[in-house]
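Numbering-wise (my numbering), the sequence shown opens with residue 174 and increments by one. Encoded as structure tokens, the structure appears first; notes follow it.
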Amino acid sequence: TDLGFYRALPPLDPNAPTSTTAFRLFITRPDSTIYVAARDGISPSPYYSTDLAALDLTQYHVYRVEWDGTTTRYFVDGVEQTTHPGTATLDTYAFLYSQTPVGQGASPLNVDWVRAGQYAANGNFVSCAQDAGQPVDWLSLTLDSATPAGTAVSAWTRTSTDGVTWSDWAATNGTAIASPAGQFLQYRLDLSTTNSLRSPEVRSVTLQNAPVGAPTSTPTATNTPTETATATNTAVPPTATATATNRPLPPTNTPVPPTATATSTPTPIALPVGAGGFVQTSATEFGAPCAALTAASVSDALGGEVRLAATVEDYFTAPAINTSRWLVGYANTWYTVPPVVGNGVVSLDGSYLRTQANMQPAQPRFFEARALQRVNGAAAGWPDLGFYRDQAPLTYGSVYPSDSALRIFVTRDTNTTYVRGRDGNENQPLIDIDIPSQDLNQYHTFRIEWDATQTRFYIDGVLQSTIPGVMNLNTWGFIYHQMPTTYGTSPMNVDWARIGQYPAAGAYTSCVFDAGAAVPWGTLALEMANPTGTGATVQTRTSADGLTWNAWASVSGNVIASPAARFFQYRLDLTTTNVMQSPEVRQVTVAITGPTPTPTNTPLPTNTPLPTNTPTPGPTPTNTPVPPTATATNTPLPPTATPTAVAGVNNALQFDGVNDIISAGPSVGSGPVTVEMWLRPGAANETGVVVLGGNDNSGWSLEMENGRIAFWVRTNAGWQSSYHPATLQAGAWYHVAATYGAGAVQTFVNGQPSGAGSAGATLTQGPLVQMGGFAGYPFFAGTIDDVRVSNIVRYTTAFAVPTTPHAADANAIDIWRMDEGAGQLTADAAGAANSATLGTSSQADSADPTWVAGYPFPNLGPTATPTNTPTNTPTPLPTNTPLPTNTPTPGPSPTPTNTPTNTPTPLPVSNFALSFDGANDFVSAPRSVSASRFTVEAWVRPAAAAANGILLAEADDNNGWSLELDQGRPTLWLSTNVGWQGV
């Protein structure tokens, strides 16, 4: 491998050496020794070569070459290794090079990042607006930065009361902010260097604020970041705009609100709460640093759950393998590609992970892992999942230790799977049992339960087979991939693993929540799964100041017993009597109980005509008996049944880059397609899925990768892509488009095309459309507006950017204007009944993007700013007054009088449902859906926790669709050209 500067052509090209070119390189030989080499021009110019000290090449290193007019200096990990003389005037090119193919037993070269050339003398970075939610004094701005000799960085700030009119930029004095008080703050970093080979580097920015006029006894900012400070370069949503959902979020990117009371006592760290309460449902929310775990863990297996902590568990969200948890090894001594962690999964190619801990003391024990064994569609590479011995299978040959045992799933390279068990050495029985074939192109959950007499093997919760045997021998958790991908096999991806036992009890203590004032904390509801023998209870406590707390009080019937107060905290107590099972809390919903309006007997003014179509309070109750069945019931009604875009309003949706999504039914099939929209990235070098029309193995995906637009299509030739050369800047609007047709794929930014690439003749059909992200891939941070999907190739060459919203013509399959400005749906303006749902459900949740102002079309007129007020929300009716529905105003006279009218007494409304026994109850009807898109919906009341079963289906084993409950969660299964797909 070569790293550094080289000539215009690669080394093995005989035309590479020329008198006008030069090179300076780190070169690594096949024996893993490394040297540096240099030459200006060709012979007789001298050739320099210097061997370096040995490096551990299984680890990443930073290689640096500094080349000036007389000398070249070579550094590894910041340490100078050697120098070479020479000039700097000849042609040369930055060069990353791997020469020997992996098929010949060589390792590939991975490069994490590269910088080459010179640094500009000056540059600056302007932040997003930081919103404190109310006017505050901005106290300090502290930088964590590195400034090599000759470099410098200075910070400036400006503030605003409305986010529109701003104060002048003011330099910070040390760390003190000179800008006036305001709700919004922006900062600017001015970077400079007098050495073009060096740059300053800002690693974090910490801001501190306080209420306007707070006494100076409040702790002031120092050069050390304070406990309540915000490091804006940490992995948080890049946009500072507060997200409008029913789960109020902190008003800024700061995980700690501004100090609400100026005292000399430090204010407790707390999360702000909106007027209605809050919901916690994601791994990010449950896993906040201010939460405390005792023998419990936060899982992201289903998006976010609190569970008891297994002996060993890993969700592979860290940047590298946790070697205190896992031993890393290789199936073959001659092939050593290490496991790679990325996007929340670990990928294995001829390698394995074995638990550091021997699982023998855990009796009984379990193994559970979610794995994809055919990542790229190639044959499985003999992966194993379960319990195995101390060493990998190929280590032993034919002789095995007598003190160890194995219980494992094994998949052959024929893509068939069997389960295997043996207690002791080669003289003991080896039991192999074939199990039904699985679609290994999909993820499956592999589970083993091993007790004193029997081992049970499950896939996706379904028992596959059993093997008899004991449990007292040595054994280790084992995730293994044997056959290298150089043989044409697929690697294996593992999403998560849990191994061993669960403790009998554990606890999760939440962060402190701050309502801003004393409020009545009303109810706390859990969404959870309780396998047999497990349970969870919840307690709460409140505080007036966040320091002195009331005693913990149990929640009974979802009612919070803790007294009204400003600060709130809850605790989950988890228990199990079965060490192989854990309870799982998936969502916590806390509601603040506001004052309830009391209906009065004041009659309505009868001399004022009322519009006949406007629902109004009914007549004042009289002494006439009212049938008791007419009282309003507790049947929930959706606040907005149909998404409605407000005329003259231009809105868009802003995605947080963490988990925000919107979803709709499938779009274009196997023919041509054009996807286009207005897009505003939320950060520089933004990376994430913008709009997906498919899944892991089908359809198309328009994405951003390091600030560039990429369009991926899954055709008969596999996944193919087109990248646009333009880098999109943060905060700027762009019209982006992507096309596929006639076997070619192309991208456009502001009407300017990329080159067209070959992509295969047939596009696969995806099961859904999803915007903002997709599980297992990066999520997009930024704003999307006016998305159109068409069944033709609309653009082949440069075109003028549209000045009005995309037309709903005959070739428009879907158009999501995103102009509603509120609610959980955005309508399909192309005429298809394919509305997109915000977040993960029809109710507001943490995955909802935020309604914001849309792209300012030049020919559309003024853009109204969306508010957080839901549209088309029914007016609440007095609960004690039955109202007739659709009852015409009595009497022929158009002029109302003061004489009471004979209002008809409402009849009881017929409202029934069907209850199913879970054994053999069903109803059937003729086929109802024949189109390629549909919506199915129903009101459902499960009779048991973690219920399983088919709710509605129009299918047989191989066709159609099925809406089901899986462990209490709705799942829609679709049979498409790529098999059954679930969401």
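Ideal placement from N, C-alpha and C gives every residue a C-beta, glycine not left out.
Next on the checklist: Is it buried or exposed, Leu636, if we count other Cβ atoms within 10 angstroms and call 16 or more buried?
Outcome noted: Here residue 636 corresponds to residue number 463 of the sequence shown, with the count starting at 1. Leu636 should be labelled exposed.
Checklist entry - Who pairs with Gln893 in a beta bridge, going by DSSP? => result In the sequence shown, counting from the first residue as 1, residue 893 sits at position 720. For Gln893, which the question treats as bridged, DSSP gives the partners Val886.
Item to check | alpha helix (DSSP H) runs contained entirely in the region 495-547, provided each spans 4 or more residues | outcome: none
Checklist entry - Can you list, in chain order, the residues of its chain whose CB lies under 7 Å from that of Asn923, leaving out five sequence neighbours each side? => result Working through the sequence shown from its first residue, we reach residue 923 at position 750. Within the same chain, Asn923 has close Cβ partners Tyr907, His908 and Val974.
Checklist entry - DSSP on Val275, reduced to helix/strand/coil? => result The residue labelled residue 275 in the question sits at position 102 within the sequence shown. Residue state, collapsed to three classes: helix.
Checklist entry - Does the distance from the C-beta atom of Ser836 to that of Thr1010 stay below 8 Å? => result Along the sequence shown, read from residue 1 onward, the residue named residue 836 stands at position 663. Along the sequence shown, read from residue 1 onward, the residue named residue 1010 stands at position 837. Result yes, Cβ atoms of Ser836 and Thr1010 sit closer than 8 Å.
Item to check | N- and C-terminal bounds of the beta strand (DSSP E) containing Ala325 | outcome: Numbered from 1 along the sequence shown, position 152 holds the residue referred to as residue 325. Ala325 -> beta strand (DSSP E) spans Thr324 to Ser333.
Checklist entry - Could you give the residue range of the beta strand (DSSP E) that holds Glu374? => result To locate residue 374, count along the sequence shown from 1; it is residue 201. First-last of the beta strand (DSSP E) with Glu374: Glu374 to Pro384.
Item to check | For Gly476 and Gln827, the rounded distance between their alpha carbons | outcome: Start at 1 with the first residue of the sequence shown, and residue 827 comes out as number 654. Start at 1 with the first residue of the sequence shown, and residue 476 comes out as number 303. Each residue's alpha carbon lies about 20 Å from the other.
Checklist entry - In whole angstroms, what separates the C-alpha of Tyr1168 from that of Ala552? => result No answer is possible for residue 1168: it lies beyond the span of the chain, which begins at 174 and ends at 1156.
Checklist entry - Whose C-alpha, out of Ala530, Gly597 and Gln754, is nearest the C-alpha of Gly634? => result As a position in the sequence shown, residue 634 is number 461, starting the count at 1. When each option's Cα is compared against that of Gly634, the closest is Gln754.
Item to check | Buried versus exposed, by CB contacts within 10 Å (16 or more), Leu697 | outcome: The residue given as residue 697 occupies position 524 in the sequence shown. Label assigned to Leu697: buried.
Checklist entry - Rounded C-beta distance between Gln674 and Val752? I'm assuming under 8 Å. => result In the sequence shown, residue 674 corresponds to position 501, counting from 1. In the sequence shown, residue 752 corresponds to position 579, counting from 1. Right, their Cβ atoms sit about 4 Å apart.
Checklist entry - When DSSP labels each residue in this structure, what does Leu636 get in the three-state scheme? => result Here residue 636 corresponds to residue number 463 of the sequence shown, with the count starting at 1. In this structure, Leu636 counts as strand in the three-state DSSP scheme.
Checklist entry - Which partner residues of Ser663 appear in the DSSP bridge assignment? => result Here the question's residue 663 lines up with position 490 in the sequence shown. DSSP lists Ala553 as partners of Ser663.
Item to check | DSSP state of Glu486 mapped onto helix, strand, coil | outcome: For the purposes of this step, residue 486 is taken as residue 313 along the sequence shown, with counting starting at 1. Correct three-state label for Glu486: strand.
Next on the checklist: Tell me which residues share the same chain as Leu228 and place their Cβ nearer than 7 Å to its Cβ, disregarding the 5 neighbours each side in the sequence.
Outcome noted: As a working note, residue 228 is residue 55 in the sequence shown. Closer than 7 Å at the Cβ level, and outside the excluded window around Leu228, lie Ile207, His234 and Val249.
Checklist entry - Per DSSP, Val922 forms a beta bridge with which residues? => result One-based indexing of the sequence shown puts residue 922 at position 749. DSSP, once it has assigned bridges, lists Val909 and Gln925 as partnering Val922.
Checklist entry - Alpha carbon to alpha carbon, what distance is there between Phe199 and Pro184? => result Mapped onto the sequence shown, residue 184 falls at position 11. Mapped onto the sequence shown, residue 199 falls at position 26. Cα-Cα distance, rounded: 13 Å.
Checklist entry - At a cut of 8 Å, does the region 269-282 reach the region 310-320 through at least three beta carbon pairs? => result no
Checklist entry - By Cβ distance, which residues of its chain are closer than 6 Å to Ile834, with the 5 residues on each side in sequence left out? => result Numbered from its first residue, the sequence shown carries residue 834 at position 661. The residues are Gln943, Gly945, Gly946 and Ala1020.
Item to check | Where the alpha helix (DSSP H) containing Thr457 begins and where it ends | outcome: Mapped onto the sequence shown, residue 457 falls at position 284. Run containing Thr457: Ala456 to Phe459, per the alpha helix (DSSP H) assignment.
Item to check | Residue interval of the beta strand (DSSP E) (run including Tyr569) | outcome: The residue given as residue 569 occupies position 396 in the sequence shown. Careful: Tyr569 lies outside any beta strand (DSSP E), inside the alpha helix (DSSP H) at Pro566 to Tyr569.
Checklist entry - Does the distance from the CB of Phe651 to the CB of Ile606 come in under 8 Å? => result Sequence index remark: in the sequence shown, residue 651 carries index 478 (1-based). Sequence index remark: in the sequence shown, residue 606 carries index 433 (1-based). No, the pair does not count as a contact, with Cβ atoms beyond the cut-off.
Checklist entry - Roughly how many angstroms lie between the CA atoms of Phe451 and Leu745, to the nearest whole one? => result Taking the sequence shown and counting its residues from 1, one reaches residue 451 at position 278. Taking the sequence shown and counting its residues from 1, one reaches residue 745 at position 572. Straight-line Cα distance between these residues: approximately 16 Å.
Next on the checklist: Under DSSP, the beta strand (DSSP E) around Trp342 begins and ends at which residues?
Outcome noted: Position 169 of the sequence shown, counting from 1, holds the residue named residue 342. Per DSSP, Trp342 belongs to no beta strand (DSSP E) and is neither H nor E.
Checklist entry - Hey, quick one: how far does the beta strand (DSSP E) through Ala1009 stretch, first residue to last? => result Here the question's residue 1009 lines up with position 836 in the sequence shown. Ala1009 -> beta strand (DSSP E) spans Ala1009 to Leu1011.
Next on the checklist: Using only CA atoms, which one of Thr589, Ser610, Tyr573 and Asn614 lies nearest to Arg595?
Outcome noted: Walking along the sequence shown from the start, residue 595 turns up at place 422. Comparing Cα positions, the closest option is Tyr573.
Checklist entry - Who does Asp175 pair with in a DSSP beta bridge? => result Within the sequence shown, the letter at position 2 stands for residue 175. Answer is Ile200 and Tyr270.
Checklist entry - Would you call the region 705-723 and the region 599-616 touching, i.e. three or more CB-CB distances under 8 Å? => result no
Checklist entry - When the Cα atoms are used, what is the spatial distance from Trp329 to Ile350? => result Your numbering for residue 329 matches position 156 in the sequence shown. Your numbering for residue 350 matches position 177 in the sequence shown. Going by the C-alpha atoms only, they are around 8 Å apart.
Next on the checklist: Closest to Ser271 by C-alpha separation, out of Tyr561, Pro203 and Tyr660, would be which residue?
Outcome noted: For the purposes of this step, residue 271 is taken as the residue at position 98 of the sequence shown. For the residues Tyr561, Pro203 and Tyr660, the minimum Cα distance to Ser271 belongs to Pro203.
Checklist entry - Quick one: what's Met944 bridged to in DSSP? => result Counted from its first residue, the sequence shown places residue 944 at position 771. Answer by DSSP bridge pairing, in chain order: Ile835 and Val864.
Next on the checklist: Rounded to the nearest angstrom, what separates Val471 and Arg961 at their Cα positions?
Outcome noted: Indexing the sequence shown from 1 puts residue 471 at position 298. Indexing the sequence shown from 1 puts residue 961 at position 788. Cα to Cα, Val471 sits roughly 38 Å from Arg961.
Next on the checklist: Going by DSSP in three states, Thr587 sits in which element: helix, strand or coil?
Outcome noted: Taking the sequence shown and counting its residues from 1, the one referred to as residue 587 is at position 414. Coil, per DSSP.
Item to check | Contact with chain B by Gln997, beta-carbon distance below 8 Å | outcome: Absent here is chain B; the protein component of the structure consists of one chain.
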